[in-house]
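Numbering (this note's numbering), first residue to last: 227 to 396. Backbone N, C-alpha and C fix where the C-beta goes; we use that ideal spot for every residue, glycine too. To keep things clear, I will list the structure first and then write my remarks on it.
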């Protein structure tokens, strides 16, 4: 019986590429690293960013630009990062390889919702959150991040696939 070796390679991006993909300037990236909002891998004095980092950055930017407090925004972006990464990776590979990449769980949520009271909720459908919100009597005001749309945006704007799957016979 012949086996198959599967190798998954996640692509690293430079600060200039991150700026082109996300629209977040290199100056802001340096500031966020200095302020410890962003942890990146440093190689030869250069920061490297992966799909998770891109998702985190896009969520952080979306939340802070809408007035969410930095503490809440960093927590929410930390939750959104892997969700966005999942979608970016899933569309970067052929459909047969999609189950091998991204994060795995019993249900991948598409939306991250930051409610007015600071509660952070993952939802597959906005209707799920609306129903839960109404049942709990919570305020309707919230910021919704479409993690699938951001992941697809990253995959589309990236100069190369954010992940690749290689199959080799053993």
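- Task: Give me whichever residues DSSP pairs with residue 230 in a beta bridge.
- Result: Walking along the chain shown from the start, residue 230 turns up at place 4. According to DSSP, residue 230 bridges with 395.
- Task: Identify every residue that forms a DSSP beta bridge with residue 370.
- Result: Here residue 370 corresponds to residue number 144 of the chain shown, with the count starting at 1. 339.
- Excluding the 5 residues preceding and the 5 following residue 241 in the sequence, name in chain order all residues of the same chain whose CB lies nearer than 6 angstroms to its CB. As a working mapping, residue 241 is identified with position 15 in the chain shown. Same-chain partners within the cutoff: 252, 255, 273.
- State the Cα-Cα distance for the pair residue 245 and residue 358, rounded to the nearest angstrom. Locating residue 245 in the chain shown gives position 19, where the first residue counts as 1. Locating residue 358 in the chain shown gives position 132, where the first residue counts as 1. About 37 angstroms.
- Query: Which parts of the region 248 to 289 are runs of the beta strand (DSSP E), unbroken and 3 residues or longer, counting only runs that do not cross its ends?
  - Reply: 267 to 269, 272 to 274
- Assign residue 396 to buried or exposed, taking buried as 16 or more other Cβ atoms, counted over all protein chains shown, within 10 Å of its Cβ. Translated into the one-based positions of the chain shown, residue 396 becomes position 170. Counting Cβ neighbours within 10 Å, residue 396 comes out exposed, since fewer than 16 surround it.
- Query: Pick from 347, 296, 350: whose alpha carbon is nearest that of residue 262?
  - Reply: Here residue 262 corresponds to residue number 36 of the chain shown, with the count starting at 1. Residue 262 has its Cα closest to that of 296, out of 347, 296, 350.
- Message: Taking DSSP's pairing of strands, which residues face residue 346 in a bridge?
- Response: Here residue 346 is taken as the residue at index 120 of the chain shown, counted from 1. Answer is 340.
- Grab me the residues of residue 370's own chain with a C-beta within less than 6 angstroms of its C-beta, minus the 5 sequence neighbours each way, in chain order. Within the chain shown, residue 370 is the residue found at index 144, counting from 1. Same-chain partners within the cutoff: 337, 339.
- Taking only heavy atoms of the ligand GDP into account, decide whether any of them is closer than 8 angstroms to the Cβ of residue 340. Looking at this structure, you won't find the ligand GDP or any other ligand, since it has none at all.
- Just the Cα atoms here: how many angstroms apart are residue 386 and residue 353? Here residue 386 refers to the residue found at position 160 of the chain shown. Here residue 353 refers to the residue found at position 127 of the chain shown. Residue 386 and residue 353: Cα-Cα distance of roughly 35 angstroms.
- Query: CB-CB under 8 angstroms to residue 230, same chain, minus the five flanking residues each way: which ones, in chain order?
  - Reply: Counting from 1 along the chain shown, the entry for residue 230 is found at position 4. Hits under 8 angstroms: 393, 394, 395, 396.
- Item | Local Cβ density within 10 Å of residue 374, reported as buried at 16 or more and exposed below that | Here residue 374 refers to the residue found at position 148 of the chain shown. With 16 or more other Cβ atoms within 10 Å, it is buried.
- Helix, strand or coil: which one does DSSP assign to residue 351? The sequence position of residue 351 within the chain shown is 125, counting from 1. Three-state result, residue 351: coil.
- Item | Cβ distance (whole Å) where residue 328 is taken to contact residue 306 below 8 angstroms | Position 102 of the chain shown, counting from 1, holds the residue named residue 328. Position 80 of the chain shown, counting from 1, holds the residue named residue 306. About 14 angstroms separates the two Cβ atoms, so there is no contact after all.
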